[in-house]
Structures are given as C-alpha cells and as structure tokens.
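Each residue of the sequence shown is one higher than the one before, counting from 3 in our numbering.
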Amino acid sequence: MFAGKFVRGLSGPSKALIPTSRRHTSTKPPVLASFSLANKTTVITGGARGLGLAMSKSLALSGSNVAIVDLNKDEAAERALEIAGSFRQVHPQQVVPKITAHYADVAEKAEVDASIQDVLHQHGEITNLVTCAGYCQNVNAIDMTPGDIKRMLSVNLEGTFYYATGVARYLMERKQPGTMVFIGSISGSIVNVPQPQAMYNSSKAAVRHLAASLAVEWASNGIRVNCLSPGYMITEQAMKAKILAENPGLKAEWESKIPQGKMGPPEELMGTVAFLSSDASSYITGQEIKVDGGYTVC
Numbered sequence: 003m004f005a006g007k008f009v010r011g012l013s014g015p016s017k018a019l020i021p022t023s024r025r026h027t028s029t030k031p032p033v034l035a036s037f038s039l040a041n042k043t044t045v046i047t048g049g050a051r052g053l054g055l056a057m058s059k060s061l062a063l064s065g066s067n068v069a070i071v072d073l074n075k076d077e078a079a080e081r082a083l084e085i086a087g088s089f090r091q092v093h094p095q096q097v098v099p100k101i102t103a104h105y106a107d108v109a110e111k112a113e114v115d116a117s118i119q120d121v122l123h124q125h126g127e128i129t130n131l132v133t134c135a136g137y138c139q140n141v142n143a144i145d146m147t148p149g150d151i152k153r154m155l156s157v158n159l160e161g162t163f164y165y166a167t168g169v170a171r172y173l174m175e176r177k178q179p180g181t182m183v184f185i186g187s188i189s190g191s192i193v194n195v196p197q198p199q200a201m202y203n204s205s206k207a208a209v210r211h212l213a214a215s216l217a218v219e220w221a222s223n224g225i226r227v228n229c230l231s232p233g234y235m236i237t238e239q240a241m242k243a244k245i246l247a248e249n250p251g252l253k254a255e256w257e258s259k260i261p262q263g264k265m266g267p268p269e270e271l272m273g274t275v276a277f278l279s280s281d282a283s284s285y286i287t288g289q290e291i292k293v294d295g296g297y298t299v300c
C-alpha cells in the first residue's frame, strides 16, 4: 500500500490512482535555460587541441568557467585566450567566463591532485569534469611492449579514474552535486578495422564501464557520470597527419561504412558534451552516447 492519500474520480470511468505523496511540481528550469552552463566550473583534461579543444570551446560558449588541463600548459593558455575571444564574438554583451590553463600528466596521480588544487585556487570551485586526455597507438598485439601497455592504460583508464575520484572527493566533502563526462570511443564497443588497436579498444571499453560503475556508486551523492564515445572524427593532429597520411585509402574505407557518408569534425561533439554537462540531462547517468554518424548501428 502507498502511504499517501489517493485522488479518486467522483464519477465516470476509474482512472489510474496516483498517491498524493508522489505528485509534485517540477522545480527544473525552463527547457532552454536548462541547457545553460552558467555558474558552472568545468575541468577538462586534454582540452587544448583536437576533440578536447572543440569541447573546451563548447563548454565556455555555453557559459561555464573552464579549466583546461594539458601536458602543454603554454598551448592551453593560448587556446584559453582564443576561446575567450570567440565568446566575445558570440556573446558581445555578456561577461566572459573565466578560462584558465593548468599542467598535468594524467597518468601521474600526484600531478592530477596538484592540478585539481590549482584549479580550486584559481576558480574557487569545481562543479563539472570532462576527461578527454587520451593516448592511441596502432600496434599489433604481439608487438606491444609492457611499456606500451602501461602507457595506454595509465593515460586512458587510470587518468580518468584519478580525476573522477579527485573531483568526486571534493564534491562529497561539500555535499555538492556534480556532473562528469568521460570521453570514450566507439572502439570500446566494437573492433576497429583494419588498424590493430587491441589494447586501445580494451582501454576505452574500460572507460565506458567505469562511467557506468561510478554512476551507480555515486548516484546517491548527486554526481552523474556518463560516457561520450566519438566515432571516426577527423583532426589535424592524430588522424590526418599520421594515420591517414600513412594509409591514403583508409578515409574512403571508413566513410563507406558510415551511414552519413563522412567522418565527423570535432565540432560535432560540442552539442553533446554541453548537453551531458548541463541540467538538461539531469535524469541521465551511467549511459554511453555515441556520436558516430550511425557507424555502430550497421
């Protein structure tokens, strides 16, 4: 039996009975406003180039203060200035969010902890986290060295775990809610071909399941954790300059298997990362969202 009183129709066909204890008025903001990241402070790792840079820009343009963590702090500082300039162009009448640069090798826990403290020193708070720092290597499994394996797992998996637990600890101590987005890959649920990526695929599968596991563990603390998994995206650094340059026919092969017929530019991730970071997705946690042009549904 429900503890609350029931609302019954006085006449006519009976309707589903709803206990008054479960009827409530939503306190959520209007739909459009719920997509805003105003008054948020987001830490994003690997946010100075490629996919991470597009996401850093998206977070700032959505109103969030942004702390860009990267191996190259000078480059992160340059990108921070560029993003601030973009914000002024798009929102000339609004106050520019605070965008800062920080250094850390995400594979080193001491550096992760130090960067979190540096962010808190400069921003005074952390509300959101996006873990985009990653490492990829195309090597036949039988040729991988212990060093190759350690680097792959320490950057992709351990680095994500270190930042997630560091930020979660801060939020829990203050009894504050928070939102985390782990950047995975479709490689975590399919096997990429023809490139040999056994360990990379495995590391991204681990990131995907880590997001689900932490989402369940931290739900009662008001901390949401989701995984955003890009498909074949085209970036100047890794994709064009190395893989595609060495395999000129690979782009056409990949695109032939993508229903939308093209690889995605980094900008295709901007809306999804902003959505998952915002209150518009407040009832979404432990999920993986693939942004792949339909590749994985075929």
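Beta carbons: idealized from backbone N, C-alpha and C, even for Gly.
Note down, one range per segment and in chain order, each alpha helix (DSSP H) of at least 4 residues found wholly within the segment 154-222.
161-175 and 200-220
Starting from Ser231, trace the beta strand (DSSP E) in both directions and tell me its first and last residue.
Ile225 to Pro232
C-alpha distance - Ala282 paired with Ile144, whole-angstrom precision
45 Å
Integer-rounded CB distance, given that Val227 should sit under 8 Å from Val157:
So it is not a contact: roughly 19 Å between Cβ atoms.
Tell me Leu131's beta-bridge partners as DSSP assigns them.
Val45 and Met182
Please classify Gly52: does DSSP put it in a helix, a strand, or coil?
helix
Using a Cβ-Cβ cut-off of 6 Å (strictly less than) and excluding sequence neighbours within five positions of Ala78, which residues of its own chain qualify?
Ala50, Ile70, Asp72 and Ala103
Contact check, Glu127 vs Thr43 under 8 Å by CB: the rounded distance?
5 Å
Note down, in chain order, each residue of its chain lying with its Cβ closer than 7 Å to the Cβ of Trp220, except the 5 sequence neighbours on either side.
Ala170 and Val227
What do you get for Lys30, buried or exposed, if any count of 16 or more other CB atoms within 10 angstroms of its CB means buried?
exposed
Would you give the residue range spanned by the alpha helix (DSSP H) that Ala79 belongs to?
Lys75 to Val92
Among the residues of its own chain, which have a CB less than 8 Å from the CB of Ile245, if the five just before and after it don't count?
Asn140, Gln197 and Leu252
Mapping the DSSP letters down to three states, classify Ser23 as helix, strand or coil.
Reliability fails at Ser23, whose pLDDT of 37 lies under 50, so the model's placement of it is uncertain and no value is given.
So, for Gly180: in the same chain, excluding its five sequence neighbours on each side, which residues have a beta-carbon less than 8 Å away from its beta-carbon?
Ile128, Thr129, Asn130, Leu131, Val169, Ala170, Leu173, Gly224, Ile225 and Arg226
Beta bridge counterpart(s) of Met1 as assigned by DSSP
The shown model of the chain, from 3 to 300, leaves out residue 1, and the question about it has no answer.
Buried or exposed, going by whether 16 or more other CB atoms sit within 10 Å of the CB of Val9?
Residue confidence for Val9 is low, a pLDDT of 37 falling below 50, so the modelled location carries little weight and cannot support an answer.
What is the DSSP secondary structure of Asp281, counted as helix, strand or coil?
helix
Lys264 versus Tyr137: straight-line alpha-carbon distance, rounded
24 Å
Mapping the DSSP letters down to three states, classify Ile151 as helix, strand or coil.
helix
Are Met57 and Leu278 closer than 8 Å when you measure CB to CB?
no
Quick one: using the 10 Å Cβ neighbour count with 16 as the cut-off for buried, is Ala166 buried or exposed?
buried
Cβ pair Ser205, Met154 closer than 8 Å
yes
Beta strand (DSSP E) segment containing Lys292, residue limits
Glu290 to Val293
When burial is assigned at 16 or more other CB atoms within 10 Å of the CB, is Asp76 buried or exposed?
exposed
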